[in-house]
Every structure is written in C-alpha cells, then in structure tokens.
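Asks: Counting along the sequence shown from 1, when you hit position 107 you're at 116 in this note's numbering, and nothing is skipped either side.
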Amino acid sequence: MNDIFVIKSKVYSGEQSLKKLAEIQGTKACIVSDLMMEKLGYLDQVVDLLQGGGISTSVYTGVKPDPNVSVVAEALQVYWESGADVLLALGGGSVIDTAKGVLYFARQYAQEKDEPFVKPSFIAIPSTSGTGSEVTDFSVITVDGDKIVIVDDFIAPDIAILDSTLTKQLPNKIVVDTGMDVLTHALEAYVSTKATDFTDALAEKAVQLVFANLETLYHDPADPEARNRVQNASCMAGMAFTNARSWYHS
Ligand SMILES: NC(=O)c1ccc[n+]([C@@H]2O[C@H](COP(=O)([O-])OP(=O)(O)OC[C@H]3O[C@@H](n4cnc5c(N)ncnc54)[C@H](O)[C@@H]3O)[C@@H](O)[C@H]2O)c1
Numbered sequence: 010m011n012d013i014f015v016i017k018s019k020v021y022s023g024e025q026s027l028k029k030l031a032e033i034q035g036t037k038a039c040i041v042s043d044l045m046m047e048k049l050g051y052l053d054q055v056v057d058l059l060q061g062g063g064i065s066t067s068v069y070t071g072v073k074p075d076p077n078v079s080v081v082a083e084a085l086q087v088y089w090e091s092g093a094d095v096l097l098a099l100g101g102g103s104v105i106d107t108a109k110g111v112l113y114f115a116r117q118y119a120q121e122k123d124e125p126f127v128k129p130s131f132i133a134i135p136s137t138s139g140t141g142s143e144v145t146d147f148s149v150i151t152v153d154g155d156k157i158v159i160v161d162d163f164i165a166p167d168i169a170i171l172d173s174t175l176t177k178q179l180p181n182k183i184v185v186d187t188g189m190d191v192l193t194h195a196l197e198a199y200v201s202t203k204a205t206d207f208t209d210a211l212a213e214k215a216v217q218l219v220f221a222n223l224e225t226l227y228h229d230p231a232d233p234e235a236r237n238r239v240q241n242a243s244c245m246a247g248m249a250f251t252n253a254r255s256w257y258h259s
C-alpha cells in the first residue's frame, strides 16, 4: 500500500508573524472569533492589519467553547452577508472549528441550490497551543450534546499564522490542558496503524518540544521561547494526527 502525506496549509510562525496579514490578497474579510479575543485586543490588531492592506472587515464574535450548530449558523449568516473573499479564524480550536463549519456548510448550501461557490481564502490564527486545528482537515461541532466530526480536505486552512504573542495571556490551566492535548495528538499519531515515517517525525518532535517546554511555560507563561516552542509542537502534532488518524483516511 502507498502512503500519502498532505499538508495544505502554508505556515507562518514566530512572534510578530501576525504582521503577515498586511500582505494577504483580498478585498473583504469575514473574521470569526470570540469575546476573549476582542477583550485582549487581538481582534483590533487583526482588523488594523487587514485594513492597512486595503481589506475591509466583518466580524462575528459569538463563538463559545465546543461550538454547536447554532453558533455555526450565526457565523455563516455573517459570512454570507459580508460577501467576503477572505475567511479568517482568530481564537482557539473552538473558533477555528466554527470557521471550518462555515466554509463546509456555505459550499454545501451552494451545491444544493446549484449555485457557484467561490471559495474564500481561509486563514487560521490559533490563540491556544493545543488542537492543531489550524492545519487539520476536520472540525468538531456539537450536535445535541454529542461531538460530531466533519472531515474534508476542503476545510483545511490555506494559511496558518502561529504568532505566539497571542498565547501570552492564556491562564495556566488552559496552558496545561491544551499542552496535554498536544501530547495526546502526538501519541495518537505515533501509535496509529496509519503512522508513517513522516508522521512519526512530527509526532516525535512534538513530544520532545512539549517535554522540554511545557513545564517552563506553566511556571512562566510569559517565557517567549517556551511559548513559541509549545505552539510549534501543537501545530506539528496536528500535522501528524491529521495524516495518521486511524479512524479516517482517504
Ligand atoms: N479540528 C481539530 O483539529 C481539533 C482537534 C482537537 C480539538 N478540537 C476542538 O477544539 C476545541 C477546544 O479548543 P481549545 O482547546 O483551543 O479551546 P477553546 O477554543 O474552546 O478555548 C477555551 C477558552 O480559552 C479562551 N482563550 C482562547 N485563547 C485565549 C488566549 N490567548 N488568552 C486567554 N483566553 C483564551 C477562549 O475564549 C475559551 O474561553 C474543542 O471543541 C475540541 O473538540 C478540534
């Protein structure tokens, strides 16, 4: 059997990589986010960078942890009304998964109506270091209390921006919980029957980075080096498990 390894997303990493937004091509962006991103000022930073590059913005900040279909439907409405050619997710895994849901259902609706669907460029900016959703091709949506997974290459972000300054104000509990997610994703990828040399390499490096940096980050969430490395680990674990998951492979 032949193996396949795919990473669709272009990844920018490092402190201040958010500034890459000034170079994004487009005319109008729909930003999916939450109230925490607004409160911490990250949403304003993103809006300013986009507007500086000539891109106007519409914003949805209603995402809640473990988003349900109502949240996706609300965000979809904002996206439709915006006529955006850029879809941007700013937040944790819940925000990125909501934006993926928007993309998935917008295309499905167009197909059902037999209307053309022009895919927006999809940018994911994670504000937690845990899910790796910025590079995976699936979205976890809560339906009637159960988590449902939508899997489609189409919803994998085109661009992921890992600017670790966005995780500077994460509470310690979230740092640790999400750090454990990184380890889990890496280990699941490593023991998967679909693991390859490529996914193993990413999983091994992710585990190494978590062991070397998560404890430091717990004691000093402002440590820039540890923040950067744990965020890279999260993304690498996402790359590994989106390619090595045993429950789905195409
Ligand atoms: N699609 C995927 O590849 C994938 C993989 C694993 C998990 N998930 C899903 O991701 C979700 C969990 O995502 P998560 O762990 O990133 O948490 P989250 O997105 O649910 O956020 C948790 C809380 O942290 C807050 N927060 C986020 N960033 C912050 C910051 N920088 N500073 C302060 N507070 C901040 C949020 O506002 C929220 O209240 C779950 O729904 C899970 O099922 C998706």
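Where is the CB? At the ideal position from N, CA and C, for every residue including glycine.
#1: State the Cα-Cα distance for the pair I150 and I134, rounded to the nearest angstrom.
#2: Going straight from the alpha carbon of P230 to that of N181, what length do you get?
#3: Are the stretch 201-215 and the stretch 158-168 touching by the rule of at least three beta carbon pairs closer than 8 angstroms?
#4: Can you have a look at F147 and say buried or exposed, based on whether 16 or more other CB atoms are within 10 angstroms of its CB?
#5: I'd like the ranges of any alpha helix (DSSP H) spanning at least 4 consecutive residues and lying wholly in the stretch 125-213.
#6: Pick out whichever of S138, I40 and V72 has its Cα sitting closest to the Cα of L58.
#7: Among residues of its own chain, excluding the 5 on either side of L85, which ones have a beta-carbon nearer than 7 angstroms to its beta-carbon?
#8: Kindly indicate which residue of S103, T176, A246 and T140 has the alpha-carbon position closest to the one of A195.
#9: Assuming F131 contacts L96 (C-beta within less than 8 angstroms), just tell me the rounded distance between them.
#10: Please classify D43: does DSSP put it in a helix, a strand, or coil?
#11: Tell me T66's beta-bridge partners as DSSP assigns them.
#12: Taking all protein chains shown into account, decide if F126 is buried (16 or more other Cβ within 10 angstroms of its Cβ) or exposed.
#13: V152 and N77 - do their beta-carbons sit closer together than 8 angstroms?
#14: Exposed or buried, S65, counting other C-beta atoms within 10 Å across all chains shown (16 or more means buried)?
#15: Is T208 a contact residue of ligand 1, with contact defined as CB to any heavy atom under 7 angstroms?
#16: Helix or strand or just coil, what does DSSP make of F14?
#17: Ends of the alpha helix (DSSP H) at S243?
#18: What's the gap between the Cα of E32 and the Cα of T193?
#19: Would the C-beta of S201 count as close to ligand 1, meaning under 7 angstroms from any of its heavy atoms?
#20: What I want to know is whether the C-beta of M248 ends up closer than 7 angstroms to one or more non-hydrogen atoms of ligand 1.
#21: Assuming L99 contacts L52 under a Cβ cut-off of 8 angstroms, what Cβ separation, rounded to an integer in Å, is found between them?
#22: Please find out if some non-hydrogen atom of ligand 1 comes closer than 7 angstroms to the beta-carbon of G188.
Replies: In short, the structure shows the following:
#1: Counting from one through the sequence shown, the residue named residue 150 turns up at place 141. Counting from one through the sequence shown, the residue named residue 134 turns up at place 125. The straight-line gap separating the alpha-carbon atoms of I150 and I134 is approximately 19 angstroms.
#2: Translated into the one-based positions of the sequence shown, residue 230 becomes position 221. Translated into the one-based positions of the sequence shown, residue 181 becomes position 172. P230 and N181: Cα-Cα distance of roughly 7 angstroms.
#3: no
#4: Here residue 147 refers to the residue found at position 138 when the sequence shown is read from its first residue. Flag for F147 reads buried.
#5: Listed in chain order, they are 181-200.
#6: Residue numbering aside, residue 58 sits at position 49 when the sequence shown is read from its first letter. Closest by alpha carbon: I40.
#7: Mapped onto the sequence shown, residue 85 falls at position 76. Taken in chain order, the residues that qualify are V111, F114 and A115.
#8: For this step, residue 195 is matched to residue 186 along the sequence shown. Ranking S103, T176, A246 and T140 by Cα distance to A195 puts A246 first.
#9: Within the sequence shown, residue 131 is the residue found at index 122, counting from 1. Within the sequence shown, residue 96 is the residue found at index 87, counting from 1. F131 to L96, Cβ: 5 angstroms. Contact.
#10: Start at 1 with the first residue of the sequence shown, and residue 43 comes out as number 34. D43: strand per DSSP, three-state reduction.
#11: Reading the sequence shown from its first residue, position 57 is the one you call residue 66. According to DSSP, T66 bridges with A38.
#12: Walking along the sequence shown from the start, residue 126 turns up at place 117. The residue in question, F126, is exposed, as its Cβ has fewer than 16 Cβ neighbours within 10 Å.
#13: To locate residue 77, count along the sequence shown from 1; it is residue 68. To locate residue 152, count along the sequence shown from 1; it is residue 143. Contact flag set, yes.
#14: On the sequence shown, residue 65 is found 56 positions in, with the first residue counted as 1. Burial call: exposed.
#15: If you number the sequence shown from 1, residue 208 lands on position 199. Relative to ligand 1, even the nearest heavy atom lies 7 angstroms or more away from the CB of T208.
#16: Here residue 14 is taken as the residue at index 5 of the sequence shown, counted from 1. Three-state DSSP puts F14 in coil, outside helix and strand.
#17: Against the sequence shown, residue 243 aligns to sequence position 234. Per DSSP, S243 belongs to the alpha helix (DSSP H) from P233 to A253.
#18: Against the sequence shown, residue 32 aligns to sequence position 23. Against the sequence shown, residue 193 aligns to sequence position 184. For E32 and T193, the distance between alpha carbons rounds to 35 angstroms.
#19: Residue numbering aside, residue 201 sits at position 192 when the sequence shown is read from its first letter. Outside the cutoff, so no.
#20: For this step, residue 248 is matched to residue 239 along the sequence shown. For ligand 1, not one heavy atom lies less than 7 angstroms from the Cβ of M248.
#21: Taking the first residue of the sequence shown as position 1, residue 99 is located at position 90. Taking the first residue of the sequence shown as position 1, residue 52 is located at position 43. 6 angstroms between Cβ atoms; contact.
#22: Working through the sequence shown from its first residue, we reach residue 188 at position 179. Not under cutoff, so the answer is no.
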